[in-house]
Amino acid sequence: MNWQKLDRTETAKIIQRVSNTQDGVLFSVGTSEATAAPLPFYQGFMMVRLTNYATLPSFTLDFLSDGSTFYLLDGSPDPLQKIAARGALHLNERNIVEYVDFFFRHVTTEEGDIYLIRNPDEMPFMDSLSLDQQIQIRRAHTDIGVAYNRSDDSFMIQADLYFAGVLLKATLTVQADGQIEVTNHAMLMAESGGTNANTGMR
Amino acid sequence: MDILSKLNKGLKFGAGAASGTLIHDNESAILDAATQLLSKSATGAKLLNFAAENGIKMHVLRNKAEIAYNPAESTVYIAAPAGLPMPGMRAVIHLAGALRQAQQETMEGLERPKSANIPQDQYVKTFVQKDKDALFAQTCVVYELSKVNGLSEIVDEYEAMGYLSLYKAYQEDMKSQGIE
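Protein sequences appear in the order of chains A and B.
Just so we're on the same page, this note's numbering is the position in the first sequence counted from 1, plus 372.
Just so we're on the same page, this note's numbering is the position in the second sequence counted from 1, plus 1006.
So this is what it looks like as structure tokens:
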């Protein structure tokens, strides 16, 4: 992402706007930094990151903002739904994979995070797997496929996902409002390392 | 629930928080569960006493990453994803860490540096010491809740956080002292 550091005045304004809680301030101007980055699928909204370096590890909150309204990326799909409802989401075949990746990076589930596997060698848990498992993943991996459905303005994505200790080959449907649904999947590898092409397994 | 249902439950629009603030919608329930558990551990009870005596306020933020955070002397924060329950066993570990960070402000050598204008190596050294101290307090709480109160599932949570080796080392230490 193309992060730009915001100046001190702008940072102070953002801190004033978002970080006051009932019993204290989460960020101080002296120790905090604000950065912003455009996202290819949003028009009029950017991602804004506030980081407080007064602690180690540093403390970070992420927002989506049009400069006046700040939506906290809180692990739920709600902020993404709200931005889409404001007409800022513009999906196309060039940015749809970026959107799905962004969605999974900022939305979590009761079972944990969902990882879109764009490159097996960059998977965060790859090093923790056995060599045999790593070979299986690389063999099973295929590039992400994208198809646009003109009839309902949706996209169909074929991609590998890692979720709840399971590697899946999944079909995702992304609606024009940004909602994602997994409509089909085949299990490629469970935590134990076995492979299975059946669907609906747990 | 099969894996497809679990995935789609988490992705569905409209299932998140109603809150317009940074505070988690389930803050009261999360803190109630965490403080009740913490009071059952000797180390945790001391941390709660410290918080009560010093007017330390506790809050739960909405955030994807679960953290323990002490930006000011009078307030500690833990965080949990919006719209999801936070298991008490996980919340108590984070709360113990956050309260210990607050207590460090009263402990010589473990206070947060007052200025960022100190040598970088000294800054890092201080925070490494603070982190080790907070992790030790968290490990004590996990051990006490597991061994004394029989809440063995808290060890699973600690393992999921990546700290099983600390628990095992503390357990060995207790054994070598004839305490276990």
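Quick reminder that beta carbons are idealized off the backbone N, C-alpha and C, glycines included.
Fair warning: this is a prediction, and the values are worked out from it, not measured in the lab.
Examine chain B for any beta-carbon lying closer than 8 Å to the beta-carbon of residue i, and answer yes or no.
i         : result
ALA558(A) : no
THR398(A) : According to the sequence displayed, residue 398(A) carries Leu and not Thr. Output row for LEU398(A): interface = yes.
ILE529(A) : no
GLN388(A) : no
PHE417(A) : no
GLU553(A) : yes
ILE486(A) : yes
GLU405(A) : no
THR545(A) : no
THR383(A) : no
GLU470(A) : no
Hey, how far is the Cα of residue i from the Cα of residue j?
i          : j          : result
PHE1142(B) : ILE1099(B) : 11 Å
GLY1020(B) : ALA548(A)  : 16 Å
PRO496(A)  : THR383(A)  : 31 Å
TYR1083(B) : GLU1033(B) : 11 Å
SER500(A)  : ALA536(A)  : 15 Å
PRO1093(B) : GLU1186(B) : 27 Å
ASN374(A)  : MET419(A)  : 10 Å
PHE399(A)  : ALA408(A)  : 16 Å
LEU378(A)  : VAL401(A)  : 12 Å
ALA1104(B) : THR1112(B) : 14 Å
GLU553(A)  : ALA1166(B) : 27 Å
ALA1035(B) : THR1041(B) : 10 Å
ALA569(A)  : LYS1063(B) : Unreliable positioning characterises ALA569(A) in this predicted model, as indicated by a pLDDT of 34, which lies under 50. A coordinate reading is not provided.
THR480(A)  : PRO449(A)  : 8 Å
GLY572(A)  : ILE1009(B) : Low local confidence applies: a pLDDT of 30 at GLY572(A) is under 50, so the model's placement there is unreliable, with the coordinate-based value given in what follows. If I take the Cα positions, the gap works out to 7 Å.
THR381(A)  : SER391(A)  : 15 Å
LEU1116(B) : LEU1053(B) : 16 Å
SER1121(B) : THR555(A)  : 53 Å
ARG1106(B) : ALA1140(B) : 6 Å
THR530(A)  : ALA1074(B) : For clarity, residue 530(A) is Gln in the given sequence; the question names Thr instead. Their backbone Cα atoms lie some 37 Å apart in a straight line.
GLY1156(B) : SER1045(B) : 14 Å
ASN1123(B) : ALA512(A)  : 51 Å
LEU540(A)  : PHE417(A)  : 32 Å
ASN467(A)  : ARG389(A)  : 30 Å
ALA460(A)  : THR1145(B) : 46 Å
GLY484(A)  : TYR1164(B) : 15 Å
ALA542(A)  : VAL1147(B) : 41 Å
GLY550(A)  : LYS385(A)  : 30 Å
PHE527(A)  : LEU544(A)  : 8 Å
LEU1037(B) : ASP1031(B) : 12 Å
Taking the CB atoms as reference points, tell me whether residue i and residue j lie closer together than 8 Å.
i          : j          : result
MET559(A)  : VAL538(A)  : yes
TYR534(A)  : GLU465(A)  : no
SER430(A)  : THR441(A)  : no
LEU1151(B) : SER1011(B) : no
GLN415(A)  : HIS462(A)  : yes
ALA1051(B) : VAL1066(B) : no
ARG490(A)  : ILE516(A)  : yes
PHE474(A)  : LEU411(A)  : yes
LEU433(A)  : PRO451(A)  : no
ALA426(A)  : PRO1077(B) : yes
ILE1160(B) : THR393(A)  : no
ASP532(A)  : LYS1070(B) : no
GLN1109(B) : PHE1056(B) : yes
ALA1039(B) : ALA1088(B) : no
TYR1149(B) : TYR1176(B) : yes
How is the beta strand (DSSP E) around residue i delimited, first residue to last?
i          : result
ARG1068(B) : 1063–1068
VAL518(A)  : 517–521
PHE435(A)  : 431–437
MET419(A)  : 418–424
LYS541(A)  : 538–546
SER404(A)  : 404–410
LEU488(A)  : 486–489
ASP532(A)  : 526–535
For a cutoff of 8 Å on Cβ pairs, would you count residue i as touching chain A?
i          : result
CYS1169(B) : In the sequence as presented, Cys is not what sits at residue 1169(B); that position holds Tyr. Not an interface residue.
TYR1164(B) : no
GLY1016(B) : yes
GLY1156(B) : no
LEU1028(B) : yes
ILE1073(B) : yes
LEU1054(B) : no
PHE1133(B) : yes
LYS1070(B) : yes
Can you tell me where the alpha helix (DSSP H) with residue i in it begins and where it stops?
i          : result
GLN508(A)  : 503–512
ASN1055(B) : 1048–1060
ASN1076(B) : It is not in any alpha helix (DSSP H) - ASN1076(B) instead sits in the beta strand (DSSP E) that spans 1074–1078.
ALA457(A)  : 450–457
ALA1086(B) : Not the alpha helix (DSSP H): ALA1086(B) falls in the beta strand (DSSP E), residues 1081–1086.
LEU1141(B) : 1126–1149
LEU1170(B) : 1170–1182
Show which residues of chain C have a CB atom less than 9 Å away from the CB atom of residue i.
i          : result
PRO1125(B) : No chain C appears in the structure shown, which is made up of the protein chains A and B.
Open item on the list: Residues of the segment 428–449 of chain A in Cβ contact with chain B at a cutoff of 7 Å, in chain order, please.
Closed with: For the segment 428–449 of chain A, the residues whose beta carbon sits under 7 Å from a beta carbon of chain B are, in order, LEU428, PHE431, LEU433, LEU444, LEU445, ASP446, GLY447, SER448, PRO449.
Open item on the list: Short of 9 Å Cβ to Cβ, which residues in the segment 1086–1108 of chain B face chain A?
Closed with: Near chain A, meaning a CB-to-CB distance below 9 Å, the residues of the segment 1086–1108 of chain B are ALA1086, PRO1087, ALA1088, GLY1089, LEU1090, PRO1091, GLN1107.
Task: Residues of the segment 512–528 of chain A whose Cβ lies closer than 9 Å to any Cβ of chain B, in chain order - done: Cβ contacts with chain B: none found.
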